[in-house]
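Chemist: Pasting a structure below so you can have a look.
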Amino acid sequence: MKSESTTSVWGMDYPHSDSNWPTAPEELSEVFAGVSDEGINRITHLNAMDWFSYDPLPGFDRGPIAQWETPKSPGGRP
């Protein structure tokens, strides 16, 4: 899925009735099994941000954010 991680995006139509909420997190966990954290980040938000030149926090140093610890699920992802 490496090549797809730079050309794919994932979206959900919440809160509309035809969305896959509330099972979206479980479905994504299955779909992304074996995909790197970077690949997941690209598909879920970074690709769209790049394509539309969107920076939600312009000028904000993201370095410290990467340092924060997040709770891990049994599968190892937050």
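Quick note, the numbering used here runs 163 ahead of the 1-based positions in the sequence shown. Using N, Cα and C, we set each Cβ at its ideal position, and we do this for glycine too.
1. Give the DSSP-derived three-state secondary structure of SER168 in the structure shown.
2. Ordered along the chain, which non-local residues of its own chain (more than five positions away) have a Cβ less than 8 Å from that of ASP218?
3. ASP176 to THR207, Cα distance in whole Å?
4. Near ILE203, which residues of its chain fall below 7 Å by C-beta distance, leaving aside the five closest residues on each side in sequence?
5. GLY197 to LEU209, Cα distance in whole Å?
6. So what does DSSP say about ASN183, is it helix, strand or coil?
7. Look at the alpha carbon of GLN230 and the alpha carbon of SER180, and state the distance between them as a whole number of angstroms.
Modeler: Taking the geometry as given:
1. Under the three-state reduction of DSSP, SER168 is assigned to helix.
2. Only MET212 meet the Cβ criterion.
3. When rounded, the distance between both Cα atoms is 13 Å.
4. The answer, listed in chain order, is PHE195.
5. Approximately 19 Å, taken between the alpha carbons.
6. Looking at ASN183 - three-state DSSP - the assignment turns out to be coil, as it is neither helix nor strand.
7. Here the model assigns GLN230 a pLDDT of 49, short of 50, so the residue's position is not dependable and the matter cannot be decided.
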